[in-house]
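The listed protein sequences correspond, in order, to chains P and C. Residue numbers for the first sequence follow numbering that gives the first Met the number 0, so the first one is 0 and each next one is one higher. Residue numbers for the second sequence follow numbering that gives the first Met the number 0, so the first one is 0 and each next one is one higher.
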Amino acid sequence: MTLVRSALCWLFFIAAAHAETVMIKNVTIHTLGPLGTITNGAVLIEDGIIGGFGIDVEVPANTRVIITEAGVVTPGIYDPYSYLGIEEINLVEETVDGRQSGSRFTASFDVVPAINPRSTLLPISRIEGITHAMAAPQPEWSDAHLISGLGAVINLGGTDDYLVKGGAALFVQLGEGGAASVHGSRSAAVLALREALEDARDYDRHRNAYDEGRRRDYSVGRYDLEALQGVLNREIPIVVSVNRASDIELVLELAEQEDLWLIVNGGAEAWMVADRLDAAGVAVILDPTRNLPEHFESLNATLQSAARLHEAGVKIAFSISDSHNSRNLRQLAGNAVANGLPWIEGLRAITATPASLYGPEDGIGVLQIGRPANLVVWSGDPLEVTTYPSHVFIDGESMSMQSRQTLLRDRYMELDDDTPPAYRPIQ
Amino acid sequence: MTVQNGMVLLLVLVLAGCSRDTNEEPTQPFASTYTPLKSVTTVIRGATVLTGTGELIENASLLMSDGRIKAIGTKLRVPRSATEIDADGKWVTPGIIDVHSHLGVYPSPDVQSHSDGNEATAPVTADVWAEHSIWPQDPGFAAALAGGVTSLQILPGSANLIGGRGVVVKNVASRTMQDMKFPGAPHTLKMACGENPKRVYGDRNSAPSTRMGNVSAYRQAWAKAESYRRKWDAYEENGGEQPDRDLQLETLAEVLRGKISVHNHCYRADEMAIMLDIAKEFGYKVTAFHHATEAYKIADLLAENGTCAAMWADWWGFKLEAYDAIRENVALVEKAGACTIVHSDSDIGIQRLNQEAAKAMAAGWRVGLDIRPEQAINWITSNPARALGIAEQTGTLEEGKNADVVIWDGDPFSVYTHAEKVYVDGALVYDRLDPAVQPVSDFSLGTRDDTGGQP
C-alpha cells in the first residue's frame, strides 16, 4: 500500500504557519473516519493537515520522522463538557468564571469573554492528549440559574486561534438542580423554561413592538431573549443536565413540542429510556463510572449505562464534568469498555462523538486526509491507565510536552541536589 | 459458635490484651462484634500472585483454611477436601485497603440527612467518633467490595483541625457498625491542616481564620491533653480521687500514650513540616499525611520521620493548596523510600484503587523510575495496613495472615481487569460471576430497577 494522498490538500494548502512536516511511523491509526483503523501504518502531517496514511511511504524532504514502538495514533481527545479555560482553581472564586448567579443574565451569559488561553490547565491537559473542549457554564451548583448560558468550543493549542466556536450550545438544568434553581419543584422549573422559550418566540415575532414598549412583560431580559433564538432555530443544541428517567422523558417531550436540538447531560438513568432517546436522536453526555445512587434522581445509576445506551443506538460522549480531570476521560472510556462497551466505541465517546455534538467540526475528532491534524501519539492502548501520549498535534502543530506540573516535577526529581530548588535550572 | 469464630474471638482477646499495659483501663465501648462469614478450605491454583511483600510469584497456589492463609507457593500440599479454584491467567493480591474513606459517614444518596462526616461546630472535636456516624447500608460498601476492597479506614471529614476518631472496618455487609469493626485495630485520630478548617471557621468569623490560627489551636489542644494525660496517669499509678473524664482530652491523651495513631489531612509541604514539629513538641507521631499533594517536595523528610504519605494518583487544583500536585507524586515518594500509600477519599475512586495505583506507577515509568507491580501493589495493601496498625492481621499474602484475598480476572493494573472473587477471612464475600454472592444493601432494595447484581 502506498501513501494515500488527497489531491485537494495540494490544491488548497494554507500557507506556512505550520511549516513542519512530520511523519509518524510504525503506528496503529484509529482514524474513526472512512479509513477505519490502519495497523502498522504511518501518518504524514504537512502544512497543518493530514497529508496521508500508509505503509512504506515516501518521506518528503525535511521531514521529522517519529518512529514509535507499537504506538497508537488517535484523534485528539475532546472533552464535551468542561470548565477548561474559564476556571483555574475551583475554590479561588476570582479564577472561576463559569458560574454566576448574581447577574441577571441567564441565556445570554456567554463564557467567551472570560476564556483565558494562558490558563495553566490547558498545557496540563493537552500534554495528556486533550486537544479540544467545550467550555461550559456550570449549571450544577447550588445558586445556579435554571438557564446557565452559552458554552464555547476551544482548542487547547495556544493563545492565538483557541476559539473554535463561541455560543456553541445553551446549558440548562432540570431535575433536582432545576428545581433548586427556582427554589421549588421540577414542575416550576420546567414551566420557567417553557415560559422563557415562548417569550423568546414572541419577542422574535414582535421585535418592533417590544422596542416600542408595546409588548407584555417577558420573564427574561432582552439579551436573554436574543440568546434563546439560536436554540429556537435549532442553530445550536440545548444541553440539559438531567438524570432521572422521568425527567429525561419530560425534557424529551419539551424538546419535541418546542422543536429543540436536545443533548442530555448527566443521564444517570438515561439507559432506562434509551429507546426513546434513540428514537429522538438525542445524544447523552455521561460519566460511565458514576454507578452509585448519589442522589434520588440517580438511583438506577450503573456501570452498564454506556454499553446499554450504545446497544440501543444512542450516541454517547464521556465527560467528568470538571476542569482539572479531563485527562481521566480515557480512563472513563476504559472502564466503560471493561463493562461491555465495544473498544472502538469507548474511543469514539471521547473523540469523534463529542466533536460532532456541537455541529460538525473540520478535522476534529476524526482523522481524515486533507483535514487539520488534531491527533495524539500514544505509547499503547489509549484507554489503558498505564499508557501516555508521546506527541500531541493541534492543527498540525507539534505541542510542547511541558506544563507547570512537569516543571515542578523536574525541580524536585532529585531531593539531595545541593542547589536549592528555587535555583535549579529549568529544563 | 463455630471453631473458626472461636479462634477469631480468641485472637481479638489476645490482641486486645497486648494493647493494654494496665488492667485498670476501661474496656473499650462499641467493641467489635465482627464474625467471619462461613468459609471452606479453598485452594487457588495457577495464578500470578502479588504478595504485598514485594514479591511476584508466577503460577502460584494459595491455600486458605479456617480464615487464614495456610500456604502459598508453587508446590503446595493441599487437603483433598479443599475447594479448587482454577486461576490460570488470573492474578491474586491481598485484599485492597483504603486508608481514607468516608463511606457510611457520607453515604449515598448524598443528601443533608446523610451528612454525618463533619461535626463542624467547633474546630477541635476530638471527642467524636466516625464510627457513630457510619450507616452500614451505604450502597457504596458493596461497590467498593466489587473493586476488591476488604478493609478501609473511615474518617471524619476535614472541616475541623482535630475532627475526631477514625475507625478501621472490614468491608462486610452488616446490620451494625460493630459487626464491621476490624477486631484489634487501634483507633485513629483525624487532623486537618490548611484551607478547610480556616475556611469553615474563618467564614463564621471565629477562630481559626488563618494557618497560624490553626497551629495555635492544635498546640493548645495538645497542651491541655498533656496535662490531662499526666493527671490520669498519676491517678492510675497512685490512686486517689478519680479525675473527671473529658472525652476530647481522653482521645488526645491516648494519642500521646501512643495508643491512637494520627492521620493528618495536609496538602502543602511546608505545612507538613510544621505538623511534624508539632508532633515532636508534644511527643506523638504523625502516622500518615493524607492527600499530601506536595509530598514529593519533602519525601526525604517523610522518610526520615517514618511518616507515610497517602495520596491520589492525579487529583489536583480544586483548591489552591492542591495546585502544585504532580502525577509523579506517588512514584517520587516511593523513590525516596518513604511509606507510600494510594488512597481514594471517594466513593467512586475506592472502586478502582488498583487503577489509581497503576496510573501512579506509570507516571513513575515516564520519568525513568523502574517501579514494579509487586511494589505498586503495596501502596494499596501492605502499606495502608501498616499505617492502620493491622499489618499483623492483613495486607499481605503470608502464612498465618487473615485470608483477605482478591482474585482478579487479569493484571490488576489494567483498566479492563475486574476483581472476580473477593475473600474476607477466607469467606467468599463477592463473586462477579455469581449474583448470589454480591451483597445488596437495604437501600438498594426496591429503589433500583435491576436489583440483584452490582450497580
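Yeah, the Cβ is synthetic: ideal placement off N, Cα and C, and Gly gets one too. Quick caveat: nothing in here was measured; it's all calculated off a predicted structure.
Mind checking whether residue i and residue j have CB atoms under 7 Å apart?
{"i": "P:VAL313", "j": "P:VAL336", "result": "no"}
{"i": "C:CYS338", "j": "C:GLU270", "result": "no"}
{"i": "C:ALA359", "j": "C:LEU331", "result": "no"}
{"i": "C:GLY367", "j": "C:ALA402", "result": "no"}
{"i": "C:ALA129", "j": "C:VAL166", "result": "yes"}
{"i": "P:ILE146", "j": "P:ALA106", "result": "yes"}
{"i": "P:VAL376", "j": "P:VAL72", "result": "yes"}
{"i": "P:LEU382", "j": "P:GLY333", "result": "yes"}
{"i": "C:ILE153", "j": "C:GLY103", "result": "yes"}
{"i": "P:PRO292", "j": "P:TRP260", "result": "no"}
{"i": "C:ALA86", "j": "C:GLY147", "result": "no"}
{"i": "P:ILE85", "j": "P:ASP78", "result": "no"}
{"i": "C:LEU49", "j": "C:GLU333", "result": "no"}
{"i": "C:PRO383", "j": "C:ILE340", "result": "yes"}
{"i": "P:LEU190", "j": "P:LEU155", "result": "no"}
{"i": "P:LEU366", "j": "P:THR67", "result": "no"}
{"i": "C:LYS420", "j": "C:ASP433", "result": "no"}
{"i": "P:LEU227", "j": "P:ALA254", "result": "no"}
{"i": "P:LEU374", "j": "P:PRO74", "result": "yes"}
{"i": "P:TYR411", "j": "C:TYR295", "result": "yes"}
Which residues in chain P sit within 9 Å of residue i, going by Cβ to Cβ distance?
{"i": "C:THR446", "result": "PRO292, PHE295, LEU298, ASN299"}
{"i": "C:LEU157", "result": "Position check: residue 157 of chain C holds Ser in this sequence, whereas Leu was assumed. Going along chain P, no residue has its Cβ under 9 Å from C:SER157, so there is no contact; the nearest lies around 13 Å."}
{"i": "C:ASP97", "result": "In chain order: nothing, as chain P lies at least about 15 Å away."}
Residue i: beta carbon under 6 Å from a heavy atom of the ligand PLP?
{"i": "C:TYR295", "result": "Ligands are entirely absent from the displayed structure, and the ligand PLP is therefore not among its contents."}
What separation, rounded to the nearest whole angstrom, lies between the Cα atoms of residue i and residue j?
{"i": "P:ILE123", "j": "C:GLN437", "result": "40 Å"}
{"i": "P:GLU45", "j": "P:ILE126", "result": "21 Å"}
{"i": "P:MET133", "j": "P:GLY150", "result": "7 Å"}
{"i": "C:CYS265", "j": "C:HIS290", "result": "6 Å"}
{"i": "P:ASP160", "j": "P:THR386", "result": "29 Å"}
{"i": "P:ALA372", "j": "P:VAL250", "result": "37 Å"}
{"i": "P:ASP286", "j": "C:VAL254", "result": "42 Å"}
{"i": "C:ILE71", "j": "C:LEU396", "result": "8 Å"}
{"i": "C:MET6", "j": "C:ARG67", "result": "Here C:MET6 scores only 41 on pLDDT, less than 50, and its place in the model is too uncertain to base an answer on."}
{"i": "C:ALA362", "j": "C:PRO135", "result": "36 Å"}
{"i": "C:SER107", "j": "C:PRO138", "result": "7 Å"}
{"i": "C:THR187", "j": "C:HIS262", "result": "7 Å"}
{"i": "C:LEU75", "j": "C:MET190", "result": "46 Å"}
{"i": "C:TYR415", "j": "C:THR82", "result": "27 Å"}
{"i": "P:LEU83", "j": "C:ASN195", "result": "24 Å"}
{"i": "P:VAL111", "j": "P:LEU356", "result": "19 Å"}
{"i": "P:SER389", "j": "P:GLN401", "result": "12 Å"}
{"i": "P:THR119", "j": "P:THR94", "result": "12 Å"}
{"i": "P:HIS144", "j": "P:GLN99", "result": "8 Å"}
{"i": "C:VAL285", "j": "C:ALA308", "result": "10 Å"}
{"i": "P:VAL263", "j": "C:GLY445", "result": "26 Å"}
{"i": "P:ASP223", "j": "P:PHE108", "result": "8 Å"}
Taking residue i as the query, report the chain C residues whose CB atoms sit under 9 Å from its CB, ordered along the chain.
{"i": "P:ILE88", "result": "GLY316, PHE317, LYS318, LEU319, ALA321, TYR322"}
{"i": "P:GLY333", "result": "GLN354, SER413, VAL414, TYR415"}
Identify the contact partners of residue i in chain C, using a Cβ-Cβ distance below 7 Å as the criterion.
{"i": "P:MET271", "result": "ASP448"}
{"i": "P:LEU414", "result": "ALA298, ASP299, ALA335"}
{"i": "P:HIS323", "result": "TRP315, GLY316, PHE317"}
Can you pull the chain C residues whose beta carbon is under 8 Å from the beta carbon of residue i, in chain order?
{"i": "P:GLU383", "result": "SER413, VAL414, TYR415"}
{"i": "P:ALA337", "result": "VAL414, TYR415, THR416, HIS417"}
Since residue i meets chain P, which of its residues come closer than 7 Å, beta carbon to beta carbon?
{"i": "C:LYS358", "result": "VAL384"}
{"i": "C:ARG326", "result": "GLN404"}
{"i": "C:ILE277", "result": "Neighbours of C:ILE277 on chain P: none; closest Cβ ~23 Å, over 7 Å."}
Counting only Cβ pairs nearer than 8 Å, list the residues of chain P close to residue i.
{"i": "C:PRO138", "result": "LEU291, PRO292"}
**Report entry** Length at least 4, wholly inside the stretch 312-360 of chain P: the alpha helix (DSSP H) runs in chain order
**Finding:** 328-337, 342-347, 351-356
Requested in this report: Jot down the residue ranges of each uninterrupted alpha helix (DSSP H) in the stretch 200-250 of chain C, minimum 4 residues, whole runs only, in chain order.
Outcome: 210-237
Query raised in the report: Which full runs of the beta strand (DSSP E) of 3+ residues lie inside the stretch 25-52 of chain P, going along the chain?
Result: 36-45
Report task. Could you pull out every unbroken alpha helix (DSSP H) segment of at least 4 residues lying fully inside the stretch 265-318 of chain C, listed in chain order? Result -> 268-281, 298-304
Requested in this report: Please list the segments of the alpha helix (DSSP H) lying wholly inside the stretch 108-132 of chain P, counting only runs of 4 or more residues, in order along the chain.
Outcome: 120-125
Report task. Check whether the stretch 230-245 of chain P touches the stretch 207-219 of chain P, counting contact only when three or more Cβ pairs, one atom from each stretch, lie closer than 8 Å. Result -> no
Query raised in the report: At a cut of 8 Å, does the stretch 21-33 of chain P reach the stretch 61-68 of chain P through at least three beta carbon pairs?
Result: yes
**Report entry** Those runs of the alpha helix (DSSP H) which lie wholly inside the stretch 185-229 of chain P and span at least 4 residues
**Finding:** 185-204, 206-210, 221-226
Requested in this report: Decide if the stretch 227-234 of chain P is in contact with the stretch 269-277 of chain P; the criterion is three or more beta carbon pairs, one per stretch, under 8 Å apart.
Outcome: no
Report task. Assess, as a yes-or-no matter, whether the stretch 25-39 of chain P is touched by the stretch 345-353 of chain P under the definition of 3 or more beta carbon pairs within less than 8 Å. Result -> yes
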